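Each remark here refers to the structure printed beneath this line.
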Amino acid sequence: MITPHSRRGRAATHKPIAMRSVLSVAIASSIWLVGCGDDNDFDNDVDIVSSATAEFVNSFSASQVDSSFGLGSTATPAAKCGVTIEKVSYDTKGAADEDTNATAALMLPTGDAPECQGARPLLLYAHGTTTDKSYDFAQVGNIQNPAVSEANLIAANFAAQGYIVVAPNYAGYDDSKLDYHPYLVAQQQSTDMVDALDSARDIMARQKRANAVNYRDIVDSGKLFIAGYSQGGYVTMATARLLQSQEKPVTAIAPSSGPYALAAFGDEIFRGNVNIGASRFAPLLGSGLQEKYGNIYDKKSDIFLDKYANAQLPNELPFGELVDTEKLPNNALFQKNPSDPRLAGLEQGKLFSILGGYDENDYLIKTDFRAAYVADTDKHPDGLWAENGDGLPAAMPKNNLRKALKDNDLRGYVPTMPTLLCGGNQDPTVYFDTNTGSMVTLLQAAAKKSAKNLNVTVLDVDIDNADERPEQQTLSLIGQAAMNTWDAEAVRVRVQTRFSQSVEKVKADAEAQGSIPLLAFYTNYHGGLVSPACTQATREFFDQDFSASQVVPR
């Protein structure tokens, strides 16, 4: 149902024969792309009996990063360092607290430049949604792996700039033995991230003691940054919340385009405003929440149309093949003309929702399941949608899916480390005002009570529709954010200017190819346009001079 990136889909056709066929192709090609804590250290060294292992995957010189990663259309700077990639295997837990395993990419800067040696900051990166079981962030440069575009972007923007990068693949992907993914299950996903971080740090310490060549010239400085896009934005915020509750130091975080207001977002979709990518997200979310709570359904056919009930995500097959073999609908979530009276009067949402979110026969979620959900939203409205509401999830929802979404909703969390929230206000995949906007409103209210422990910068990369949003600022500084050492206004101008140029190019290319520019804009927006823009902003945010007193060298 709810957030983003699956990279591969149906093969593109050269001439669209209908609006829905264009939508189908464009969705499949675009959705993939995609602070100061206290002074307590991470309980000194990580468990010395850790079973985590690492294996060498590949290495790239700085010139290879610049010439072969295909990032010329982004704001990625020239590489300062080469990058060595290792794959970490580590133990973690599933949604039901069962033992399992997962893998992560460990990216190490190399080279003689001062930025590539000695004490280096560490970036813990959370990737976006994918339906591909084989998604492996360690496959930097490997065009045969569905993770390559996002992995290349992060390797070039951070590891090649001197960051140590730890990027988990998440339980359920790559070599993980878990047969599902705990999608947007906050407790599991944040624990998985911390398990990967602890394992990577343990490996670095062990390899350093062994004088291993790839680890010889660098050391973890103790500066910890956390960032992620889309699903990864949500995971970033959940991970920061976990570490903050454990009083473990985090230098700064940058969640981008995440579904933070999960319960309100779910209500909006079920009430008719279907997002692009819906039929990818719903199976992932349903199975993950079922494993966590055990009461979302008795069997999958309770929630999904019978012919789609056995669909398994993530899958070894790319999403387009699952559509072609009628294992899943391309994007239709609901029945187009439902007869259930509980759904009477609901609208079909915005343009992108009407084009692909509904079908009379080939839709994913059963009408009676949807109607029961919607009836609960009428009786127990979310505080974001209720008249004079408090902006928080419904106090006492009765529907089990709504209860689960509320339990994993991040509204109410107040980060105490410097934070950048980034996104684009026209996002058709993860709605900006519903998610980032609701978090901002709550954080602004918290700052009015006490701004001392708040340092939040909010950037909307999209100014192309500024005339339609005269009351909305595209750069907001909450709490102590105005005291940060970077030039936030200059970064805003650079990021928004490049974003607008990218939008113009997408529309022009679509028109030249005989496609519909507005449709190309929507289907590239979340993964192809906002993702690199927020990566640029994140890099510049993290590169500012955070106080050395906030971190403890490891």
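If you're matching positions, the sequence shown starts at 33 in this note's numbering and goes up one per residue. Note that the Cβ used here is the ideal one computed from N, Cα and C, for glycine as well. Since we're looking at a predicted model, the values are computed, not measured.
Query                                                                                                                  : Result
Alpha-carbon spacing of Ser311 relative to Gly318, whole angstroms                                                     : 11 Å
Residue range of the unbroken alpha helix (DSSP H) whose run includes Leu229                                           : 218–241
Per DSSP, the bridge partner or partners of Ser121                                                                     : Thr85, Thr135
Residues of its chain near Val66, where Cβ-Cβ distance is below 7 Å and the 5 sequence neighbours each way are ignored : Residue placement at Val66 is flagged as unreliable, the pLDDT there being 38, under the threshold of 50; a coordinate-derived value is accordingly withheld.
Which of helix, strand or coil DSSP assigns to Asp414                                                                  : coil
Contact the segment 341–354 vs the segment 371–385: 3+ CB pairs below 8 Å                                              : no
The segment 146–162 / the segment 194–209 touching (three or more Cβ pairs under 8 Å)                                  : yes
Identity of the residue in Asp391, Gly194, Val226 nearest Phe594 by Cα                                                 : This structure gives no information on residue 594, because the portion of the chain shown stretches from 33 to 586.
Meets three-Cβ-pair contact criterion under 8 Å: the segment 237–253 and the segment 284–294                           : no
CA nearest to the CA of Asp459, picked from Leu561, Ala203, Asn184                                                     : Leu561
Proximal residues to Asp224 (C-beta, below 7 Å), its chain only, five neighbours per side dropped                      : Thr124, Ala134, Pro200, Tyr202, Ala203
Supposed close pair Ala341, Ser333 - CB separation, criterion 8 Å                                                      : 4 Å
C-alpha gap between Lys411 and Pro373, whole angstroms                                                                 : 15 Å
Beta-bridge partners of Thr142, as assigned by DSSP                                                                    : Gly114
Between the CA atoms of Ala522 and Thr529 - distance to the nearest angstrom                                           : 11 Å
Segments assigned alpha helix (DSSP H), at least 4 residues, entirely inside the segment 501–567                       : 520–544, 549–556
9 Å Cβ cutoff met for Glu323 and Pro214                                                                                : yes
Range of the contiguous beta strand (DSSP E) that encloses Gly304                                                      : Segment: none, Gly304 is in no beta strand (DSSP E) and carries neither H nor E.
Close Cβ partners of Ala436 (< 6 Å) along its chain, the five nearest in sequence each way excluded                    : Leu321, Tyr325
Helix, strand or coil at Gln367 according to DSSP, with G and I counted as helix                                       : strand
Nearest neighbour of Arg571, chosen from Val180, Thr473, Asn556, Ala188 [CA to CA]                                     : Ala188
Top-ranked residue by Cα proximity to Val462, from Ser83, Tyr266, Ala84                                                : Tyr266
Proximity below 9 Å, CB of Ala151 to CB of Gly254                                                                      : yes
Burial state of Ala376 (16 or more Cβ within 10 Å)                                                                     : exposed
Ala43 versus Pro178 - alpha carbon distance                                                                            : Below a pLDDT of 50, predicted positions are generally treated as unreliable, and Ala43, at 32, falls in that range; no measurement from the model is reported.
CB contact flag (Tyr205, Asp168, <9 Å)                                                                                 : yes
Three or more C-beta pairs below 8 Å linking the segment 382–395 and the segment 292–309                               : yes
DSSP bridge partner residues for Thr489 (one or two, in chain order)                                                   : Leu452, Leu509
Where Arg571 sits in the DSSP three-state scheme                                                                       : helix
For Pro287, the residue or residues it bridges with in DSSP                                                            : Gly260
Proximity of Leu486 and Pro425 at Cβ, strictly below 9 Å                                                               : no
Distance, Gln221 Cα to Ala128 Cα                                                                                       : 12 Å
Proximal residues to Ala145 (C-beta, below 7 Å), its chain only, five neighbours per side dropped                      : Lys112, Cys113
Inter-stretch contact at 8 Å, needing at least 3 Cβ pairs: the segment 511–525 / the segment 488–498                   : yes
DSSP three-state assignment for Ile250, whether helix, strand or coil                                                  : strand
Gly264, buried or exposed, once every other Cβ within 10 Å from all chains shown has been counted against 16           : buried
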